[in-house]
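Asks:
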Ligand code: FAD
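Numbering (the working numbering), first residue to last: -19 to 278.
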């Protein structure tokens, strides 16, 4: 956790980005990174393999983070479509550009989210195996996923927690959760996780809501519940982007404040490669940008 972060709260923060798919998206990403690095996140992460891509877009994006920013950068890595030897060669490519932290995932079937997953012949079958593989390859920092509201393929939350325990036992350092909006669900999940002896930090994934309608479209497939209070909070703002953004920042900041009251002190923000909403959430939380902190210290 960043020990020098001041303001109302001392919390750890990290930001998730995805590799851009066009020139416009490239410009959008680096503008967002420029703005968000003012918050001095503990680390940032870059997703891997979305939409059936392989390592190239992630490698290029992670490489630029490492070359052009002071940010500690983690690369996501999945087991999809690769033998163990191929995965090891991907790990070497990332290691050679300076990556020391992986977010180790199984990934989704090439048919997309929800299609039945079959392990690639000769590849890692799931994230817990991948964690063990990474541990055997080097002294990497390893984050993994966690699903407070159940992974869609899981029989139940207990099966999810059993997988999380295997990942922790194999050497994961922390879990980053799928986004969720019901903190009671998260607290119940955390109690169960602790009761089976998993002690690694379980870091809530916070998704500031850019667009509730779009979010509803993919939330179910990701294993996230959209509580009805969100409909009430966003009602009437469909055609009012400024007011909608204000509500979105309030909702996310209230969720974080409530989690802080419940004893959580690290948060992973899904940025969607945009800065204004995440920055507004952090402002609402009373955090300070690097400039404000150094001004206050002077
Ligand atoms: P695991 O931890 O291996 O499994 C998750 C759960 O699914 C298990 O608890 C288990 O109960 C259940 N499960 C898994 N396999 C089966 C099976 N065959 N049958 C029954 N149940 C099963 N995806 C990407 O493609 N790229 C990314 O960069 C990426 N980043 C992510 C970051 C975070 C923080 C999170 C939460 C998810 C991310 N995902 C990403 C999505 C992830 O790849 C999918 O949710 C995928 O379906 C599961 O991967 P996992 O590592 O969570 O799987």
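The C-beta atom is built at its ideal place from N, Cα and C for all residues, glycine as well.
Note that the structure is predicted; figures quoted are calculated from it, not measured.
What is the rounded straight-line gap between the Cα of residue 44 and the Cα of residue -10?
Replies: Mapped onto the chain shown, residue 44 falls at position 64. Mapped onto the chain shown, residue -10 falls at position 10. Their backbone Cα atoms lie some 29 Å apart in a straight line.
Asks: Could you check the C-alpha separation between residue -5 and residue 250 for me, to the nearest Å?
Replies: Within the chain shown, numbered from 1, the residue matching residue -5 stands at position 15. Within the chain shown, numbered from 1, the residue matching residue 250 stands at position 270. Each residue's Cα considered, the two are about 6 Å apart.
Asks: Can you tell me whether residue 86 is buried or exposed, with buried defined as 16 or more other CB within 10 angstroms of its CB?
Replies: In the chain shown, residue 86 corresponds to position 106, counting from 1. Buried, by the Cβ-count rule.
Asks: Which residue's Cα is closest to the Cα of residue 28: 136, 161, 61?
Replies: To locate residue 28, count along the chain shown from 1; it is residue 48. Selected option, being the one with the closest Cα: 61.
Asks: Here's the rule I'm using: 16 or more other beta-carbon atoms within 10 Å means buried, otherwise exposed. How should residue 218 be labelled?
Replies: Sequence index remark: in the chain shown, residue 218 carries index 238 (1-based). Residue burial is scored here from C-beta neighbours: residue 218 has fewer than 16 other C-beta atoms within 10 angstroms and is therefore classed as exposed.
Asks: For residue 182, which residues in the same chain have their Cβ closer than 7 Å to its Cβ, ignoring the five residues on either side in sequence?
Replies: Residue numbering aside, residue 182 sits at position 202 when the chain shown is read from its first letter. So the qualifying residues of the chain are 126, 155, 157, 170, 173.
Asks: Can you give, in chain order, each stretch of the alpha helix (DSSP H) that sits fully within the stretch -7 to 20 and has at least 4 residues?
Replies: 3 to 16
Asks: For the ligand FAD, I want to know if residue 29 counts as a neighbour, meaning its beta carbon is within less than 7 Å of at least one of the ligand's heavy atoms.
Replies: Your numbering for residue 29 matches position 49 in the chain shown. Yes; taking the cut-off as 7 Å, the Cβ of residue 29 has a heavy atom of the ligand FAD nearer than that.
Asks: Any chance you could list the alpha helix (DSSP H) runs of at least 4 consecutive residues sitting entirely within the stretch 161 to 218, in chain order?
Replies: 163 to 175, 192 to 202, 208 to 214
Asks: Going by beta carbon distance, what residues of the same chain come within less than 6 Å of residue 267, once the five residues before and after it are set aside?
Replies: For the purposes of this step, residue 267 is identified with residue 287 of the chain shown, where counting begins at 1. Excluding residues within five positions, the ones whose Cβ falls inside 6 Å are -13.
Asks: Since I believe residue 124 is in contact with residue 89 (beta carbons under 8 Å), could you give me their beta-carbon distance rounded to a whole number of angstroms?
Replies: Position 109 of the chain shown, counting from 1, holds the residue named residue 89. Position 144 of the chain shown, counting from 1, holds the residue named residue 124. With a Cβ gap of about 19 Å, residue 89 and residue 124 do not count as contacting.
Asks: When the Cα atoms are used, what is the spatial distance from residue -17 to residue 72?
Replies: Counting from one through the chain shown, the residue named residue -17 turns up at place 3. Counting from one through the chain shown, the residue named residue 72 turns up at place 92. Note that residue -17 scores a pLDDT of 40, beneath 50, so its modelled location is shaky and nothing firm can be said.
Asks: What does a CB cutoff of less than 6 Å around residue 263 pick up in its chain, not counting 5 residues either side in sequence?
Replies: The residue given as residue 263 occupies position 283 in the chain shown. The answer is none, since no qualifying residue turns up.
Asks: Let me see if you follow: with CB-CB separation under 8 Å, is residue 265 close to chain B or not?
Replies: The question asks about chain B, but that chain is absent: this structure has only one protein chain.
Asks: Taking 8 Å as the cut-off, does the stretch 14 to 22 touch the stretch 63 to 70 (at least 3 CB pairs, one atom from each stretch)?
Replies: Counting C-beta pairs with one atom in each stretch, the stretch 63 to 70 and the stretch 14 to 22 have fewer than three that are closer than 8 Å, which means they do not touch.
Asks: Tell me which residue opens and which closes the alpha helix (DSSP H) that residue 235 is part of.
Replies: Within the chain shown, residue 235 is the residue found at index 255, counting from 1. Counting along the chain, the alpha helix (DSSP H) containing residue 235 begins and ends at 221 to 241.
Asks: Tell me which same chain residues have a C-beta within less than 7 Å of the C-beta of residue 246, skipping the five on either side of it?
Replies: Position 266 of the chain shown holds residue 246. Only -19, -9, -8, 181, 183 meet the Cβ criterion.
Asks: Please state whether DSSP places residue 26 in a helix, a strand or coil.
Replies: The sequence position of residue 26 within the chain shown is 46, counting from 1. Strand at residue 26.
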